[in-house]
Amino acid sequence: MLPPAAARIFSFGLAIALGANCVGAIADPDGTSQGGDGPATAGRSSPGSSTPGGSGSAGLEPSAGQEGAGQPGSLPPGSFAPAPGGLMRLTASQYHNTLRDLLGVTGARAVAPDQRGSIFSSIGAFEVSTAQVDVERYEKAAFAVAREVFGDEAKRRALVGCAPSSASDPCVRAFVSAFGRRAFRRPLEPAEVDRYALVVSKSAAALGDVWGGLEHGLAALLQAPDFLYVPLLGKPDPADRTRQRLDGFELASRLSFFLWDSTPDDAMLDAAAKGELDSPAGLRAVIGRMVASPKTRDAVARFFAEHFGLDDFLEEAAKDSKIYPQATPALLEAMLGELRGILEQAIFSPQADFMDAFETKTAFVNPELAKLYGLEPPAGGAMAERALPEDSPRVGLLSRAALLALKARPIRSSPTLRGVFVREQILCQEVPPPPDDAETELPGDADGILPEDGKAMRERLADHSKKPECAACHALFDPLGLAFENFDGLGAYRTTENGQRIDPSGTLDGKPFSGPRELAALLRSDRRTADCVARQVFRFGTGRLEEGSQEPQVAALSEAFQKNRRSFVALLSELAASDGFRFVAASP
Amino acid sequence: MSRFILSRRAVLRGAVHGGAVALALPTLEAMLTSDGRAYAAGGTLPKRFGKWFWGVGLNQGAGFWVPSQTGPDWSPTTLLAPLAGVKEYVSPISGTQFKHPGIGHNHSRASPLSNSWDNRVPNLIARYGGATLPSIDQVVAAAWKGKTVLPSIEVRISKAGEGPHSGSCSWKGPKEIVTPVSEPGELFDRLFKTGGAAPAGGSSQAGSQILAARQSVIDATLESGRALGQRLGATDRARLGAHLDGIRELERQLVGVAAGGDASCKTPMKPGVVPSKNGGEDLETRHKLMSDLIALALACDRTRVFSVEFSCNQSSTRYWQVGAGNGHHAISHTGDSGTMAKIAVFVMKQFAYLLEKLKSTPDGLGNLLDSTLIYNTTEYLSPRAHVFHADHPILLCGKAGGSLRAGIHHRRPSGENAGRVMLTALHAIGLPLKEYGAQAGRTDQPIQDLLIAG
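Just so you know, the sequences run in chain order A and B.
Going by the numbering used here, the first sequence opens with residue 925, and the numbers climb by one from there.
Going by the numbering used here, the second sequence opens with residue 19, and the numbers climb by one from there.
This is the structure in structure tokens:
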């Protein structure tokens, strides 16, 4: 029997279609047909019996379920099962952004750390339990925030909006109702108003101070489960009993934490109260207003930080100073800045086609990065935009120093890490873990000195993966990683390595490329790349790793991405407006 | 509602004043039998359990740490030299190997800390760490829950690599991660003040007023939680239940701390934030402050279980103290074994401070090391290769209340299941599990040679 976790992963079909033994992919490197007979349908109904990779050409298809799918909003009831709802704990950034938006307090506070169950912290937010120490942290933070607000007379007056003469003053209940609605993201039940008004009166009595009572009332609201967790439960859908429909306030919360990485504002809560989120047009209008807000940039930044693994960039991309003495923190910061600049342009510039990011020739450099790229350094220390030469082998985000340095070892490049990144993150294909006794070392790794044996990386890697149990999988990702061998472990361009001329040519599932530039073009035009963007946004936005029954939603989202000329902002909007976002399965 | 609250409060008061919650009273000689191993009034002295883990490992031959002689006359090796002053409390256990196969730094956290690892979890969802059993400290904490104000305390010294990939070295379940604290001030708050507004001693008027106000907040939180729970499915109800248990635990702590104003457990000054040093982490200061608080917490019986994560698995800690220019994990994949050795010795020097601190803290007729058992290990003998080897570095320290043969180098046949050492530790502290571990590590055989029947 598979343990539940493994059964789950094997049940979600094509996203892992590379399979456990890589056989299917190897047997048919030309497997680019769009057949719908892969494990997506065959495997998901019986998780335990699924044999990933065992069905030939389907081995490389990330999404076979896209045919016949329409707009996200147009899937008829019963044609898909929504992802389960449940209890979503605020992520650390959502918690902080919420305090900023509700109370104007901005300090960093120790709260429960995010857990990335499967790439995204939004998925962990639905799954993990809160540790004892984190319960204590939330309590401590709530009291500290309340103190910060009530310690400032102007702030407390602005927040409370009236001056209570005693704890029984109607002002108290008015405050509890008004702030409670913003904190819980829904109107409070009368019993809840009673409950928190009682905190105020009891505390006021104990402390002999009505303001102290209100301070405790605020602290209580800020540590309530209803504040720290977002319940997405819904009510049974009369049209389809198998699914639950989120009410307007739940949907407002889900939209807001997805598109703003923060709590809904008053306008959204008002829209929910008026039922505006219940009609497609009303929902679209609210979403349109939301994605025009600068707060959407917070959410997008979070998505890419987790998708590309950038949160610990300075540590993860750090280099051996003997081999890469130029790898200063300033250079690494600039790399990250460039990546952000490219994404910003591909997402937020007018009429942006997100897929342009895969071939862009725009660079953002500081003097150190300009030197690494061989570009004219900008004056001063600031970042500046530069155009890469027309014939530059470095195009698109995959051959920028940020990702090249991140997907490398401290002492050398790593075609394996780079190739796996392309397969898993860019094409959404799960690569099986290496065999238990695999050696991950190449000659030279042990002593930090690359051997002067006249061999280039391609040859060393081939020697390394001679064993049949290694070769099958390495054949999947090494050719893609070797395309980037013209870029060393830091991302600098080179034409030779160890005295050998570098050959960056290869094939992407049967399609030949001569080097990184042509691979970038292939990936950009490969429908799987765009589909993967949609799939990753689906995971991030719903906070769920898709199961087979959600494949129609993912496919419909991919279609919508194409119809909207691959606008990333439209992709966010389409998911937000889709049935998959408005409905949930009964919570587990 | 009020009836429920009243009865809960009454139970709490009874528990604290009636002594069911052992608080803040260091065990005095007069209370003991003549051999100091038991209370005169019956009942044995409490045992304590600690886990001390450091990331990455050695990249050295076994001789770097394994003493050449077995038994009590072992001479400290390069790695163990810093422990010479407490040698009679340190038992190196050599020869064993963790049995979970794998690659990367997930099994090397899961296996040495929980003797379990699910190697079938693909990359996409592997980031919770892949363990199928709780970490060993949480096994003990669960068994001893309710004996002290805090079931356990968890600290992390180096904050490097605190990113989501590394999680924590303590967990109750695959998705129930126990968050360690890295600032001594935060541990201090947990031990003595516990967040929010300070109750500041139940005897004072102001303290009891603040306590009453905080309890009104707790009441509301529990009520809201109950109402929300009724709307949830079973899984989420359990998740929320864990949170509400945390709230009740917090209340127990508040009431307990407020009631426990014993003079000899006088709270020390709250430590401030540990500033950085030489552009890096001041690991030495942070570990000393944490060790002092751990000793105090044990002496005052605030808790009997602690976990120190000196550095996390796959740690990127930069040990500037020994001249390292790169992160620990990065260095482990170069040939710089000289720096690796210096780091290991530096880490062991810090560990020695904790042992010495416990040894110098009286407990009964002896000291805290007499009653404590600390399980010390790391990820790999050879992190370069990412696989477990025989002679995995493991130390059992302390006498576990006289149940462990302390101060001996004990050698096992090469490659024997290291899970047996963990099971032995559990037996020594009075948790005689019939079997321990999962998958390839499962064992029902403690190492009898290390145990002293009592």
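Just so you know, even glycine gets a beta-carbon here, dropped at the ideal spot from N, CA and C.
In this text the structure is predicted, and so the values were computed from the model without any measurement.
**Prompt:** Given that residue 1510 of chain A touches chain B, what residues does it touch there, using C-beta distances under 7 angstroms?
**Reply:** 251
**Request:** Could you name the residues of the same chain whose beta carbon sits closer than 6 angstroms to that of residue 432 of chain B, not counting the 5 residues immediately before and after it, in chain order?
**Result:** 113, 408
**Asked** Any idea if residue 1252 of chain A is buried or exposed, counting beta-carbon neighbours within 10 angstroms, 16 or more meaning buried?
**Response** exposed
**Prompt:** Buried or exposed: which applies to residue 133 of chain B, given that a residue is buried once 16 or more other Cβ atoms fall within 10 Å of its Cβ?
**Reply:** buried
**Prompt:** Of all Cβ atoms in chain A, is any one closer than 8 angstroms to the Cβ of residue 261 of chain B?
**Reply:** yes
**Asked** Using the rule of at least 16 other Cβ atoms within 10 Å of the residue's Cβ for burial, across every protein chain shown, is residue 15 of chain B buried or exposed?
**Response** With chain B represented from 19 up to 472, any question about residue 15 of chain B goes unanswered, as that position is not in the structure.
**Message:** List, from N- to C-terminal side, the beta strand (DSSP E) runs of 3 residues or more that fit wholly inside the stretch 315 to 372 of chain B.
**Reply:** 323 to 327
**Request:** Please list the partners that residue 1033 of chain A has in chain B, where partner means a Cβ-to-Cβ separation under 9 angstroms.
**Result:** Ordered by position in chain B, no residue passes the 9 angstroms Cβ test against residue 1033 of chain A, which lies about 11 angstroms from the chain.
**Request:** Closer than 7 angstroms by beta-carbon distance: list the chain B residues that pair up with residue 1157 of chain A, in chain order.
**Result:** 249
**Asked** Contact check, residue 78 of chain B vs residue 427 of chain B under 8 angstroms by CB: the rounded distance?
**Response** Wrong, their Cβ atoms sit about 17 angstroms apart, outside the cutoff.
**Prompt:** Which term fits residue 291 of chain B, buried or exposed, when burial requires 16 or more other beta carbons within 10 angstroms of its beta carbon?
**Reply:** exposed
**Prompt:** With a cut-off of 8 angstroms, does the C-beta of residue 1393 of chain A fall near any C-beta of chain B?
**Reply:** no
**Message:** Taking 8 angstroms as the threshold (beta carbon to beta carbon), is residue 1466 of chain A in contact with chain B?
**Reply:** no
**Request:** With residue 1436 of chain A as the anchor, note down where its beta strand (DSSP E) starts and where it stops.
**Result:** 1435 to 1437
**Request:** Pick helix, strand or coil for residue 1157 of chain A, following the three-state DSSP scheme.
**Result:** coil
**Prompt:** Would a check of beta-carbon distances place residue 390 of chain B closer than 8 angstroms to chain A?
**Reply:** no
**Request:** Since I believe residue 167 of chain B is in contact with residue 68 of chain B (beta carbons under 8 angstroms), could you give me their beta-carbon distance rounded to a whole number of angstroms?
**Result:** Wrong, their Cβ atoms sit about 17 angstroms apart, outside the cutoff.
**Message:** Just to confirm my understanding: we take residue 374 of chain B, look at its own chain, exclude 5 residues before and 5 after, and list those with CB closer than 7 angstroms. What are they?
**Reply:** 103, 104
**Item:** Chain-ordered chain B contacts of residue 1248 of chain A [CB-CB under 7 angstroms]
**Value:** In chain order: nothing, as chain B lies at least about 11 angstroms away.
**Request:** Name the one or two DSSP bridge partners that residue 70 of chain B has.
**Result:** B:326, B:394
**Item:** Reference residue 1033 of chain A, options A:1042, A:1067, A:1008, closest by Cα
**Value:** A:1067
**Prompt:** Taking the C-alpha atoms as reference points, what is the distance between residue 1280 of chain A and residue 1320 of chain A?
**Reply:** 8 angstroms
**Message:** Does the CB of residue 1140 of chain A have a neighbour CB from chain B at under 8 angstroms?
**Reply:** yes
**Prompt:** Does residue 254 of chain B get closer than 8 angstroms to chain A when you measure Cβ to Cβ?
**Reply:** yes
**Message:** Given a cut-off of 8 angstroms on the beta-carbon distance, is the pair residue 1479 of chain A and residue 1437 of chain A in contact?
**Reply:** no
**Asked** How about residue 1294 of chain A and residue 1318 of chain A: do their beta carbons lie closer than 8 angstroms?
**Response** no
**Message:** Under 8 angstroms: do the stretch 288 to 306 of chain B and the stretch 198 to 211 of chain B share three or more Cβ pairs, one atom per stretch?
**Reply:** yes
**Length of the line joining the Cα atoms of residue 1276 of chain A and residue 1246 of chain A** = 41 angstroms
**For residue 306 of chain B, the three-state DSSP class (helix, strand or coil)** = helix
**Request:** Could you pull out every unbroken beta strand (DSSP E) segment of at least 3 residues lying fully inside the stretch 79 to 163 of chain B, listed in chain order?
**Result:** 108 to 112
**Item:** Under 9 angstroms from the C-beta of residue 1317 of chain A: neighbouring residues of chain B
**Value:** In chain order: nothing, as chain B lies at least about 28 angstroms away.
**Request:** Would you decide whether residue 287 of chain B is buried or exposed? Buried here means 16 or more other CB atoms lie within 10 Å of its CB.
**Result:** exposed
**Request:** Using a threshold of 8 angstroms, state whether the C-beta atoms of residue 156 of chain B and residue 196 of chain B are closer than that.
**Result:** yes
**Item:** Selection of the stretch 1029 to 1063 of chain A by Cβ proximity to chain B, strictly under 8 angstroms
**Value:** 1034, 1036, 1037, 1038, 1039, 1040, 1041, 1042, 1043, 1045, 1048, 1051, 1052, 1053, 1054, 1055, 1056, 1057, 1058, 1059, 1060, 1061, 1063
**Message:** On the criterion of 16 or more Cβ atoms from any shown chain inside 10 Å, does residue 1491 of chain A qualify as buried, or is it exposed?
**Reply:** buried
**Request:** Starting from residue 1010 of chain A, find everything on chain B with Cβ-Cβ shorter than 8 angstroms and list it in chain order.
**Result:** 250, 251, 253, 254
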